[in-house]
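Line by line, the protein sequences are chains G and F. The letter at position 249 of the first sequence is residue 257 when you use the numbering used here, and the numbering goes up by one with no holes. The letter at position 291 of the second sequence is residue 299 when you use the numbering used here, and the numbering goes up by one with no holes. No residue lacks a Cβ here, since even glycine has one placed at the ideal position from N, Cα and C. For reference, the structure is listed below as structure tokens.
There are 2 protein chains.
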Amino acid sequence: MENFSFYSPTLFSFGRGEEAHVDQLVQRFGGSKVLLVYGGGSVKRNGAYQAVTDALRRGGIPFCELSGIQANPRSGKVYEGVELVHRERVDFILALGGGSVIDTAKAIGFGAVYDGDFWDFFTGTDITATMPVGVILTISAAGSEGSDSCVITHEQGNLKWGCRKTDVIRPKFAILNPQFTCSLPAYQTASGAVDMFSHICERYFTNTPAVALTDRLAEALMKTILSAAPRAIADPGSYEPRADLMWAGMLAHNNLCGTGRAQDWASHQIEHELSAFYDCAHGAGLAVVTPAWMEYVMEHNVMRFAQFAVRVFGCEMDFAQPELTAREGICRLRAFFRSIGMPVTLEEIGADPADIPDMVLHRAQKPGGFPFGSFVRIHPEDMRAILEKAAAANT
Amino acid sequence: MENFSFYSPTLFSFGRGEEAHVDQLVQRFGGSKVLLVYGGGSVKRNGAYQAVTDALRRGGIPFCELSGIQANPRSGKVYEGVELVHRERVDFILALGGGSVIDTAKAIGFGAVYDGDFWDFFTGTDITATMPVGVILTISAAGSEGSDSCVITHEQGNLKWGCRKTDVIRPKFAILNPQFTCSLPAYQTASGAVDMFSHICERYFTNTPAVALTDRLAEALMKTILSAAPRAIADPGSYEPRADLMWAGMLAHNNLCGTGRAQDWASHQIEHELSAFYDCAHGAGLAVVTPAWMEYVMEHNVMRFAQFAVRVFGCEMDFAQPELTAREGICRLRAFFRSIGMPVTLEEIGADPADIPDMVLHRAQKPGGFPFGSFVRIHPEDMRAILEKAAAANT
């Protein structure tokens, strides 16, 4: 186990109706005028927008709005939000939505208290301050409600990049009412489940020895997702699987499972190119990339993949040929993704295998583009081979 | 799953040598003059006292000291500490030790900013403010370094009571260097392992339905303790099992495993009488009480005890007679406690079964003394029966 720091000072308020207290939470964390950031119609249809704005009005907290945030959120909305904060003299950012909305709110938060261009923080500058951000979560997926990270796509150059990670940008509070996720389409529910599963995998596959405790915690979360996601899709209005997914999604990415160990993140890096090229759902891209990455790197540590197969999927260990068990785990993962309606090949997300060289090239143009990953270092030829496996995946 | 709030705003700094930065952490959380609270010679022998005071001096942070804190910490030391804080104009309390030292520091912290007697907070008054508290942990056990609770024994009446739980008293930071625990005697290591295992059991045995995720997290921690404790005892200087125990001990009691579910705490209530009467190690008392409590309440939910047996101890499920599996899990737990050198009968902690009626009576005199517990409500006759099972335990 490596030395680590773990600091998750976000207040989580979880369950039915918790959004009714959002005004008190804003005030508790020093807010007196709010910028409410959200996407489109879904938060109006599911009642979240109404409940939140009612609470703000009841609490006498004035607010202005920035709406229209889309998946793979764009820099343009961040610039717009920063300007709005200054013009309206806002002192608190409230994100109402999923990862894209939260990441936009985070970027507005640290952009608004900075003299220069917020994009500087995505090209190497450390974030040292932010306007406080609160969250009302309506999609279980990205885990941004409890995380120290933020990913924005810059329109110039189609660059989907993450800022330097820092506890400074963790939200002050996050309200998690699973009922708001009951109206999500099955595809989006599944895509969220893949995203959170992948956040755990990126931490699980490590070269750090003696990480028994975080392994067990990661397995606990993965087993929960395997059980809850199909139930949420089969019975969309059922509260309990939605609640499991919502809390698992937060824990998958607040770094509880990543303490004291090297993390990988190669699958995420590759997926960022997929969604930059095809604007696919992040989870859908991960469903395609993650098993392909696993097949490509499995030989690096067969016993870790066997542990994954046995403990997460209940495979029987083949002690004579552990690689068969390891491979079985990857097959089961791909079958799970397939079973919840996710694509598992490049073609199924509308990607053209002929674009693979361009994606590799686009990645190479990013500062520090290659190699990436920690479990196995990924060079251009590795990325190409992984994407080719994803093109040819036997489902 | 029930609605819940989870707020753990403690910065954890984990690993070898992290105490060298204690001065920076004190300053980061607003401290300029420190009261250093500790027990006796062990923190001087293991180097922790030297490292911490060196860092404070290096950082130019003046400090005064309160030492001599003992197991089952007493009110007298809290009064002494509060007076010292006022006299020396201290603004930060630093606990160097285990649960007793941390709980004393917490009580000094909220006692020092209160006009009345700190004991009011143990008899029903809500804590609303505290002087900031930081921790350098040297014993893995109580989990007080990340918890919202504090237990003090009042000398008048020998009352071992807990304050009203509140996030207000969670430490600002906790430095967890597993090396400081390598010099602990085997008995104390084992006692700490029992304490943390019990903190999980108190949350695991619940009547709240649909708690799949927290069940899994709890099982992850319990399996880690089962594996790490014997290794730490067999090879005291080995870092890795010490590290597993230290992080598991924090997670066992910061309420991560207790979110969204009713908690029990009957075993702890009964044990408090044991340590009030015999001043036994808290963990040793719990090793005696917990399996006896389990045997007594098992019929209330056989399938939950079967789940415990199968998932935590790897017992094979007897589908025809689940109660045999359930009982096997309890036997394995008692055997585990025995294997790490813990007492499992009243006699083995020097308790006299003839005192059972007096312990029940002493409990009854506490405000709201009976019934207690949530999984099964414990009345005087139940407490008597549980202690009688502990007297007659077949080891």
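Should residue i and residue j be called a contact, given that it needs their Cβ atoms to be closer than 8 Å?
{"i": "F/Lys168", "j": "F/Val159", "result": "yes"}
{"i": "G/Pro81", "j": "G/Asp125", "result": "no"}
{"i": "G/Thr138", "j": "G/Ser83", "result": "no"}
{"i": "F/Gly257", "j": "F/Ala149", "result": "yes"}
{"i": "G/Ala59", "j": "G/Ala289", "result": "no"}
{"i": "F/Ile135", "j": "F/Val109", "result": "no"}
{"i": "F/Thr222", "j": "F/Asp252", "result": "no"}
{"i": "F/Pro244", "j": "F/Ala236", "result": "no"}
{"i": "F/Gly268", "j": "F/Met9", "result": "yes"}
{"i": "F/Leu74", "j": "F/Val45", "result": "yes"}
{"i": "F/Ile183", "j": "F/Ser21", "result": "yes"}
{"i": "G/Lys397", "j": "G/Tyr247", "result": "no"}
{"i": "G/Phe316", "j": "G/Val202", "result": "no"}
{"i": "F/Ile208", "j": "F/Ile348", "result": "no"}
{"i": "F/Gly106", "j": "F/His261", "result": "no"}
{"i": "F/Pro140", "j": "F/Gly55", "result": "no"}
Around the C-beta of residue i, are 16 or more other C-beta atoms found within 10 angstroms, so that it is buried, or is it exposed?
{"i": "G/Asp123", "result": "exposed"}
{"i": "F/Arg66", "result": "exposed"}
{"i": "F/Phe291", "result": "The amino acid occupying residue 291 of chain F in the given sequence is Gly; Phe does not appear at that position. Label assigned to F/Gly291: buried."}
{"i": "G/Met306", "result": "buried"}
{"i": "F/Thr189", "result": "buried"}
{"i": "F/Gly132", "result": "exposed"}
{"i": "G/Val86", "result": "buried"}
{"i": "G/Arg224", "result": "buried"}
{"i": "G/Leu156", "result": "Checking the sequence shown, residue 156 of chain G turns out to be Asp, not Leu. Counting Cβ neighbours within 10 Å, G/Asp156 comes out buried, since at least 16 surround it."}
{"i": "G/Gly337", "result": "buried"}
{"i": "F/Arg53", "result": "exposed"}
{"i": "G/Arg211", "result": "buried"}
{"i": "G/Val121", "result": "exposed"}
{"i": "F/Asp272", "result": "buried"}
{"i": "F/Pro365", "result": "exposed"}
Output the distance between the C-alpha atoms of residue i and residue j, rounded to the nearest integer angstrom.
{"i": "F/Gly23", "j": "G/Phe12", "result": "7 Å"}
{"i": "F/Ile394", "j": "F/Ser382", "result": "15 Å"}
{"i": "G/Phe321", "j": "F/Phe205", "result": "26 Å"}
{"i": "F/Lys374", "j": "F/Gly165", "result": "10 Å"}
{"i": "F/Lys41", "j": "F/Arg97", "result": "7 Å"}
{"i": "G/Ser283", "j": "F/Asp99", "result": "51 Å"}
{"i": "F/Gly266", "j": "G/Met391", "result": "42 Å"}
{"i": "F/Ala220", "j": "G/Pro238", "result": "15 Å"}
{"i": "G/Arg335", "j": "G/Trp301", "result": "12 Å"}
{"i": "G/Phe181", "j": "F/Gly170", "result": "28 Å"}
{"i": "F/Glu153", "j": "F/Arg178", "result": "7 Å"}
{"i": "F/His370", "j": "F/Ala218", "result": "37 Å"}
{"i": "G/Leu64", "j": "G/Val30", "result": "7 Å"}
{"i": "G/Leu145", "j": "F/Arg342", "result": "44 Å"}
{"i": "G/Phe37", "j": "F/Glu331", "result": "50 Å"}
{"i": "F/Val384", "j": "F/Leu104", "result": "37 Å"}
{"i": "G/Val34", "j": "G/Val352", "result": "42 Å"}
{"i": "G/Leu354", "j": "G/Ala362", "result": "11 Å"}
{"i": "G/Glu389", "j": "G/Phe130", "result": "26 Å"}
{"i": "G/Ala226", "j": "G/Glu88", "result": "38 Å"}
{"i": "F/Phe14", "j": "G/Thr18", "result": "8 Å"}
{"i": "G/Ala113", "j": "G/Val93", "result": "11 Å"}
{"i": "G/Ala372", "j": "G/Ala328", "result": "41 Å"}
{"i": "G/Trp127", "j": "G/His280", "result": "17 Å"}
Per DSSP, residue i forms a beta bridge with which residues?
{"i": "F/Glu73", "result": "F/Leu44"}
{"i": "G/Arg82", "result": "G/Thr161"}
{"i": "F/Val394", "result": "As written in the sequence, residue 394 of chain F is Ile, which differs from the Val given in the question. According to DSSP, which records beta bridges pairwise, F/Ile394 is partnered with nothing at all."}
{"i": "G/Trp301", "result": "For G/Trp301, which the question treats as bridged, DSSP gives no partner whatsoever."}
{"i": "F/Val143", "result": "F/Ala103 and F/Ala182"}
{"i": "G/Ser21", "result": "G/Ile183 and F/Ser13"}
{"i": "G/Leu167", "result": "G/His162"}
{"i": "F/Ile177", "result": "Bridge partners of F/Ile177: none, in fact."}
{"i": "F/Phe313", "result": "Note: F/Phe313 sits in no beta bridge, so no partner."}
{"i": "G/Phe345", "result": "None, per the DSSP bridge assignment."}
{"i": "F/Phe380", "result": "F/Ile386"}
Would you please state the rounded distance, in angstroms, between the beta carbons of residue i and residue j? I believe it to be under 8 Å.
{"i": "F/Ile116", "j": "F/Ile101", "result": "6 Å"}
{"i": "F/Met350", "j": "F/Ala295", "result": "4 Å"}
{"i": "F/Leu259", "j": "F/Leu229", "result": "6 Å"}
{"i": "F/Thr333", "j": "F/Val318", "result": "7 Å"}
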